[in-house]
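Per numbering that gives the first Met the number 0, residue 0 is the first one in the sequence shown, and the count goes up by one each step.
Backbone N, C-alpha and C define an ideal beta-carbon position, used for all residues, glycine too.
First up is the structure itself, then whatever we jot down about it.
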Amino acid sequence: MTTGYEPLNTLKPIGPDIWIVDGPAIRFYGMPFSTRMTVVRLANGDIWLHSPTVFDRALADQIQALGPVRHLIAPNWIHYAHIADWQAAFPDTVAWAAPGVEERAETRKIEMQIDYDLKLDKSEKPWRAEIKQMVVQGSRIHHEAVFFHVASRTLILTDLIENFERENLPWWMRLFAGPARIMDPDGQMPRDMRMTFRGNMPKLRAAVERMIGWQPERIILAHGRWYNTDAEAELRRAFRFVLK
Numbered sequence: 000m001t002t003g004y005e006p007l008n009t010l011k012p013i014g015p016d017i018w019i020v021d022g023p024a025i026r027f028y029g030m031p032f033s034t035r036m037t038v039v040r041l042a043n044g045d046i047w048l049h050s051p052t053v054f055d056r057a058l059a060d061q062i063q064a065l066g067p068v069r070h071l072i073a074p075n076w077i078h079y080a081h082i083a084d085w086q087a088a089f090p091d092t093v094a095w096a097a098p099g100v101e102e103r104a105e106t107r108k109i110e111m112q113i114d115y116d117l118k119l120d121k122s123e124k125p126w127r128a129e130i131k132q133m134v135v136q137g138s139r140i141h142h143e144a145v146f147f148h149v150a151s152r153t154l155i156l157t158d159l160i161e162n163f164e165r166e167n168l169p170w171w172m173r174l175f176a177g178p179a180r181i182m183d184p185d186g187q188m189p190r191d192m193r194m195t196f197r198g199n200m201p202k203l204r205a206a207v208e209r210m211i212g213w214q215p216e217r218i219i220l221a222h223g224r225w226y227n228t229d230a231e232a233e234l235r236r237a238f239r240f241v242l243k
């Protein structure tokens, strides 16, 4: 299945010591979702993988050529399914998971060894000087860890914004994506996710304002077209429902 982001399973540099990997589409609620992993090389040479895509041996070899793979990031309760395969290939890795990931994996009987939970507001020691982070508060269900790679001024999100391009979707998914508010050029937080923040919008607003305060230049998304420029304007556009 083509995704519109070919070539897949290959490193694509976007800034100093940061790459993206567009992975194959997966089925989620019966719909094809494009996938994207972010790869960061830390100052000590260690490799940090955010939201690992389907494991591919040739891709793993490309990444290993950059440095030793040490950190696997499961940023929310949906983006964890391939951690176990990457751990099996790189047994010296540490898996870091947002709140809710471990419980979801256990429910679905997916074996993954989580060594550390992501903290709420402080970056973990291995990348504290290089990648800022927080877990967005306010949702009854969705606790997503977001990251900011300082050297490249890159904000790394997962599902808080989805931005599917019309031409990359089957016709029947276009009917869903528009009302769900996840269609480019006005991709936003999916409508069902937004409802889980009901009653706690001030917490979401504080998180968005903190992201804006990091002054990112670009935003990587896991699904759909990501933003290589005008990051602050895109944040204000996508989250206008809570910033107004």
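Leaving out the 5 sequence neighbours to the left and right, which residues in its chain are closer than 6 Å to G58 when beta-carbon positions are compared? Residue mapping note: residue 58 aligns to position 59 of the sequence shown, counting from 1. Gly is not the amino acid found at residue 58; the sequence shown has Leu there. Closer than 6 Å at Cβ, skipping near neighbours: N8.
Whole-Å CB distance - D183 paired with R165, under 8 Å assumed: Numbered from its first residue, the sequence shown carries residue 183 at position 184. Numbered from its first residue, the sequence shown carries residue 165 at position 166. Cβ atoms of D183 and R165 come within 8 Å of each other, at about 7 Å.
Starting from Q63, trace the alpha helix (DSSP H) both ways and give me its first and last residue. Against the sequence shown, residue 63 aligns to sequence position 64. For Q63, the uninterrupted alpha helix (DSSP H) segment begins and ends at R56 to Q63.
Using a Cβ-Cβ cut-off of 6 Å (strictly less than) and excluding sequence neighbours within five positions of L203, which residues of its own chain qualify? For the purposes of this step, residue 203 is identified with residue 204 of the sequence shown, where counting begins at 1. Around L203: G137, F196 and V241.
Along the alpha helix (DSSP H) that carries M232, what are the first and last residues, could you check? Within the sequence shown, residue 232 is the residue found at index 233, counting from 1. Here residue 232 turns out to be Ala, not Met, going by the sequence shown. It spans A230 to A237 - the alpha helix (DSSP H) in which A232 sits, taken as one unbroken run.
Completely contained alpha helix (DSSP H) runs for the stretch 50-127, where each covers 4 or more residues: DSSP runs (the alpha helix (DSSP H)) wholly in the stretch 50-127: 56-63, 82-88 and 100-106.
With a threshold of 16 other CB atoms inside 10 Å of the CB of K131, please say whether the residue is buried or exposed. On the sequence shown, position 132 is the one that residue 131 refers to. Its Cβ being crowded by 16 or more others within 10 Å, K131 is buried.
Nearest to V53 by alpha carbon, out of W126, N162 and Q86? Numbered from 1 along the sequence shown, position 54 holds the residue referred to as residue 53. Checked all of W126, N162 and Q86; the closest Cα to V53 is Q86.
In this structure, does DSSP put K202 in helix, strand or coil? By 1-based counting over the sequence shown, the position of residue 202 is 203. Here K202 sits in helix by DSSP.
Near V207, which residues of its chain fall below 8 Å by C-beta distance, leaving aside the five closest residues on each side in sequence? Locating residue 207 in the sequence shown gives position 208, where the first residue counts as 1. Cβ within range, chain order: L234, F238, V241 and L242.
Exposure of P74, with buried meaning 16 or more beta-carbon neighbours within 10 Å: Counting from one through the sequence shown, the residue named residue 74 turns up at place 75. Around the beta carbon of P74, 16 or more other beta carbons lie within 10 angstroms, which makes this residue buried.
Spatial neighbours of H152 within its chain, please: CB distance less than 6 Å, with the 5 preceding and 5 following residues excluded, ordered by chain position. One-based indexing of the sequence shown puts residue 152 at position 153. With the sequence shown as reference, residue 152 is identified as Arg, and His is not the correct amino acid for it. Cβ within range, chain order: P215 and E216.
Pairwise C-alpha distance: Q63 and F146: The sequence position of residue 146 within the sequence shown is 147, counting from 1. The sequence position of residue 63 within the sequence shown is 64, counting from 1. Looking at the backbone, the Cα of F146 and that of Q63 are separated by about 22 Å.
In chain order, what residues of the same chain lie with their CB nearer than 8 Å to the CB of H222, ignoring the 5 residues before and after it? Working through the sequence shown from its first residue, we reach residue 222 at position 223. Non-local beta-carbon contacts of H222 in its own chain, meaning distances under 8 Å to residues more than five positions away in sequence, involve F32, S33, T34, R35, D158, E161, N162, F163 and I181 in chain order.
Classify P12 as buried or exposed, calling it buried when 16 or more other Cβ atoms lie within 10 Å of its own Cβ. In the sequence shown, residue 12 corresponds to position 13, counting from 1. Classification for P12: exposed.
From G3, R56, E105 and R127, residue whose alpha carbon lies closest to that of V149: Position 150 of the sequence shown, counted from the first residue, corresponds to residue 149. It is R127.
Would you call the CB atoms of A249 and P169 closer than 8 Å? With the chain represented from 0 up to 243, any question about residue 249 goes unanswered, as that position is not in the structure.
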